[in-house]
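Have a look at the structure below, then the notes.
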Amino acid sequence: QEECGYLRRHHQEEVGELLGQIQSSSTAQTQAEAEARDALKCDVTSALREIRAQLEGHAVQSTLQSEEWFRVRLDRLSEAAKVNTDAMRSAQEEISEYRRQLQARTTELETLKSTKDSLERQRSEL
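Numbering (this note's numbering), first residue to last: 414 to 539.
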């Protein structure tokens, strides 16, 4: 009976130790899982921050490229408008000069016609 009591106590001690190991193992496993989740959250958060930074960098670069393209395009169009304006001004000046010459020739022609008519009258009177 004494041996049976000893075996029973020894068995209870071993069961208690095993239960303690299971609980500490379960606690350690739960803690390890929590740490892994926290690490994963940190990794995901870090990855999202990195992706956001990259996207913002691309957005800034794209904006700068677009602004440069529009600036170059505006400069080209402004230069073309200036050239066209200069050409138009030159053409208008040329037209004005031709009108002035036409008016001078018309006046000269009228004077010559008048002189011719006068000479013809003088000739008929003779």
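Glycine is no exception: its CB is placed at the ideal position from the N, C-alpha and C atoms.
For L539, the three-state DSSP class (helix, strand or coil)
coil
DSSP three-state label for Q414, please.
coil
Between A452 and chain C, is the shortest Cβ-Cβ distance under 8 Å, so that the two count as touching?
Structure shown: chain C not included; a single protein chain is present.
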